[in-house]
Amino acid sequence: PGTLYVVATPIGNLDDISARALRVLREVKLIAAEDTRHSARLLQHFGIGTPLVACHEHNEREQGSRLVQRLLGGDDLALVSDAGTPLISDPGYHLVRNARAAGIRVVPVPGACALIAGLSASGLPSDRFVFEGFLPARSTARRQRLQAVAQEPRTLIFYEAPHRVLECLADLRELFGAERPAVLARELSKTFETIKGAPLGELHDWVAADSNQQRGECVLLVEGWQEPVGEEALSAEALRVLDLLLAELP
Ligand code: SAM
Numbered sequence: 004p005g006t007l008y009v010v011a012t013p014i015g016n017l018d019d020i021s022a023r024a025l026r027v028l029r030e031v032k033l034i035a036a037e038d039t040r041h042s043a044r045l046l047q048h049f050g051i052g053t054p055l056v057a058c059h060e061h062n063e064r065e066q067g068s069r070l071v072q073r074l075l076g077g078d079d080l081a082l083v084s085d086a087g088t089p090l091i092s093d094p095g096y097h098l099v100r101n102a103r104a105a106g107i108r109v110v111p112v113p114g115a116c117a118l119i120a121g122l123s124a125s126g127l128p129s130d131r132f133v134f135e136g137f138l139p140a141r142s143t144a145r146r147q148r149l150q151a152v153a154q155e156p157r158t159l160i161f162y163e164a165p166h167r168v169l170e171c172l173a174d175l176r177e178l179f180g181a182e183r184p185a186v187l188a189r190e191l192s193k194t195f196e197t198i199k200g201a202p203l204g205e206l207h208d209w210v211a212a213d214s215n216q217q218r219g220e221c222v223l224l225v226e227g228w229q230e231p232v233g234e235e236a237l238s239a240e241a242l243r244v245l246d247l248l249l250a251e252l253p
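Going left to right, the sequence shown walks through residues 4 to 253 as full-length UniProt numbering numbers them.
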């Protein structure tokens with residue numbers, strides 16, 4: 004059987020494509036793409052003529068079985084998404100799963116990934132982190148999801164649509180506290196790349212005051228919850244008992 008290559012493409016700056024990615028995209032029989040028109044422009048830029056076929060959210064299951072048949076027939080194929088690493092908040096999961104189940108070799112061709120790029124320059128703890136992907140668009144569901152991770156000690160990473168970033172920061176400020184350190188990484192690898200770190204309250208106000216910060220693509224990173232230390236660590240109950248005891252002292 005052939006090999007399925009999972010190929011990362013740039014998240015903005017076209018120079019971020021790897022030499023290996025270009026070679027693989029040139030050599031495979033067919034490229035399965037999230038959006039063929041979008042990927043056609045990328046291929047054209049690099050003078051690659053490999054045919055494209057659509058493999059997106061809506062046809063991934065049927066298209067996936069067709070592609071697995073081609074792989075079983077001996078063709079090497081590549082999978083790309085519109086930007087960055089396929090399967091990371093992008094299509095490809097069903098294809099990779101089916102290919103592996105059919106005994107096909109799946110080879111990653113690593114490259115750009117917005118969450119890793121953002122984390123690497125954020126200055127937030129990077130030894131352990133949690134990628135939460137996109138938050139739900141609706142407020143109630145979003146707040147529930149945030150509430151569930153409010154005491155997560157590892158660095159939290161979210162993808163967010165530009166027109167929702169302010170709402171999301173408002174919810175984060177309320178549920179995580181205005182003092183929690185956070186970073187907004189916007190337009191990574193592009194002309195207007197901005198990586199702003201500030202406590203959530205300040206970050207919210209900074210974005211609110213500048214509509215440019217509500218455009219383009221962004222990753223939101225929030226420092227994990229830290230066990231309160233010293234006086235803060237005492238529960239309300241402990242403080243109440245302490246008050247009672249202190250009142251008894253001569
Ligand atoms: N597969 C991609 C990856 O590897 O990062 C992610 C695809 S997801 C559909 C798109 C989201 O990724 C955007 O809404 C944004 O949150 C983030 N993103 C993609 N490119 C970005 C960039 N250049 N700067 C900041 N965030 C970016």
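All residues carry an ideal CB built from backbone N, CA and C; glycine is no exception.
| query | result |
| --- | --- |
| Inter-residue Cα distance where the pair is V10 and A105 | 20 Å |
| Own chain, CB closer than 7 Å to P139, minus 5 neighbours either side, in chain order | R145, R148 |
| S192 beta carbon less than 8 Å from that of G15 | yes |
| Distance between E196 and E60 (C-alpha atoms, nearest Å) | 29 Å |
| C-alpha gap between P128 and W228, whole angstroms | 11 Å |
| Reduced DSSP category for G50 - H, G, I as helix; E, B as strand; rest coil | coil |
| From F179, C171, P165, E226, residue whose alpha carbon lies closest to that of G219 | P165 |
| Helix, strand or coil at E135 [DSSP, three-state] | strand |
| Segment contact flag, the region 167 to 182 with the region 115 to 126, C-beta cutoff 8 Å, min 3 pairs | no |
| Reference T158; option with closest CA among S142, L55, F179, S68 | F179 |
| Where T88 falls: helix, strand or coil (DSSP) | coil |
| Distance CB(T12)-CB(G114) smaller than 8 Å | yes |
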